Amino acid sequence: MTQDSRLMKQLGSSLPLIVAPMAGGPSSPALVATASKAGALGSVGAAYQTPSAITEFAQQIRRQTDAPFAINLFVPHPQPMLGAHQIDSAIAATSIYRDELGLPTPVLSAPFEEDFELQFEAALRARPAAISFVFGVLPSHYMRMARAAGILLIGTATSLLEAKVLEESGVDAIVLQGFEAGGHRGVFDANGEDLEIGLFDLIAACRPAIARPLIAAGGIMNATDVRNALSTGVQAVQMGTAFLACIEAGTSAPYRARLLEHSIRRTKTSRVYSGRLARGIENRFMREMEQRMEAVLPFPAQNKFTRDLRAASAAKGCGDLLSLWSGSSPGSLWQGSARELIEDLFA
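Just remember that this note's numbering sits 10 ahead of the position in the sequence shown, which is counted from 1.
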């Protein structure tokens, strides 16, 4: 038995494909269930969900299928300490957008994210095939809890050093996130430098040095990309952007429209939406706020601070202030069923 078939058999999937966790809406219960029923491993992007929402999400999936799925969370880090001047600066820099949308002046206070302990307990109760995570190493007591529940653990690395640290921590597999990938960069240090390593260079660095199963992510859009990635010896691929326009995806209408506007999507990494580097389609908010980086709060405070802007922009049907996460690879996006896309990828 090959190493790749062992990993995917452990995960309960018949295909070497993970549909990436896309928090904030795109990873709908329908998308996760459809992907898993089609033989891939669907993923719940649960980082922003309350514990009760995680439970309800898992129940919605299980009402559609008994196929396995994964739940993705953000590794917790110390909350940033904000001074009044920082918050005042952020409010002043974004007042023009809130005025346009008719939003009140926000009141920002800690905590800036959900309680990770309660999120993790909810994830354990949901009994996924795997819990995946980004932004570092999962503390050992959480790993022991997952092990006791028989749940596999999948970390995310953007460099060889991060992959080595994850391997030493005892994860079951590692997602190698190339610089082409859409959404948040998995760099361990929220304020640290991104080495900007492309997927195939990252695989070439990690394959000889890492014994854990490796999963390729970033810039994989079609069947040729899948074959090319798997030919390097990785055990599976993880794809997100390719599924954003599928009928089951919870992608908002203005987000979907921007994705489909051009087959070549102009993307870049920026901190303006969350305080962490993330790749998305350039829009007005990204361009203008990058001229005011001194007013961008650290992660995850900035993510909470811009949530009202993003929600109101989506409700208005406008993509100017949305976080339009997308990978950098060109190509028209599939607008049919996720099942049909998966069948096409492995035809």
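Cβ coordinates follow ideal geometry from the N, Cα and C atoms, glycine included.
Keep in mind that this is a model prediction, so the values were computed, not measured.
CA-to-CA distance, residue j to residue i, given in whole angstroms
i: Leu128; j: Ala45; result: 27 Å
i: Thr35; j: Tyr58; result: Before going on, a small fix: residue 35 reads as Gly here, not Thr. Approximately 10 Å, taken between the alpha carbons.
i: Ala226; j: Asp199; result: 21 Å
i: Met155; j: Met91; result: 30 Å
i: Thr12; j: Glu350; result: Residue confidence is low: Thr12 scores 42 on pLDDT, short of 50, so the model does not pin down where it sits. Its coordinate-derived value is still stated next. Their backbone Cα atoms lie some 27 Å apart in a straight line.
i: Ala167; j: Gly229; result: 15 Å
i: Arg294; j: Ser336; result: 16 Å
i: Asn82; j: Ala120; result: 23 Å
i: Ile291; j: Ile97; result: 26 Å
i: Ala239; j: Ala103; result: 42 Å
i: Leu17; j: Ala80; result: 14 Å
i: Arg157; j: Ala267; result: 42 Å
i: Val85; j: Gln301; result: 30 Å
i: Cys328; j: Arg297; result: 16 Å
i: Asp204; j: Asp76; result: 39 Å
i: Glu304; j: Thr277; result: 22 Å
i: Ile71; j: Asp354; result: 23 Å
i: Tyr265; j: Ser342; result: 15 Å
i: Thr251; j: Phe67; result: 21 Å
i: Val306; j: Leu269; result: 25 Å
i: Pro218; j: Val197; result: 21 Å
Option in the options with minimal Cα separation from residue i
i: Pro9; options: Asn238, Leu51, Leu163; result: Because the chain here runs from 11 to 357, residue 9 falls outside it and cannot be looked at.
i: Phe130; options: Pro121, Ala120, Ile141; result: Ile141
i: Glu258; options: Pro310, Met32, Leu17, Ser24; result: Met32
i: Phe145; options: Gln187, Tyr107, Ala325, Asp182; result: Gln187
i: Ile28; options: Val197, Met249, Phe253, Arg289; result: Met249
i: Ala246; options: Gly49, Val42, Pro116, Phe67; result: Gly49
i: Lys47; options: Gln312, Ser99, Arg73; result: Arg73
i: Ile101; options: Pro116, Gly55, Pro26; result: Pro116
i: Pro26; options: Arg135, Val185, Ala311, Leu113; result: Val185
Any non-hydrogen atom of the ligand NAP within 8 Å of residue i CB
i: Val147; result: Absence of the ligand NAP from the depicted structure is noted, as is the absence of any ligand whatsoever, leaving it without description.
Residue i - partner residues in DSSP beta bridges
i: Asn82; result: Gly55, Ser142
i: Gln248; result: Ile28, Ala227
i: Ile64; result: DSSP output for Ile64 lists no bridge partner at all.
i: Gly165; result: Ile184
Burial state of residue i, where buried means 16 or more other Cβ atoms lie within 10 Å
i: Gly193; result: buried
i: Leu171; result: exposed
i: Ile274; result: exposed
i: Pro340; result: exposed
i: Gly93; result: exposed
i: Asp40; result: The residue you asked about is not Asp; residue 40 is Ala in the sequence shown. So Ala40 ends up on the buried side.
i: Asp182; result: buried
i: Ser23; result: buried
i: Gln397; result: Summary: the structure shown does not reach residue 397, with the chain confined to residues 11 through 357, and so no result is reported for it.
i: Gln312; result: buried
i: Tyr107; result: buried
i: Pro223; result: buried
Distance between beta carbons of residue j and residue i, contact taken as under 8 Å
i: Ala357; j: Ala255; result: Contact doesn't hold; Cβ gap of about 19 Å is too wide.
i: Leu332; j: Arg320; result: 6 Å
i: Thr60; j: Glu124; result: 6 Å
i: Ala139; j: Leu51; result: 7 Å
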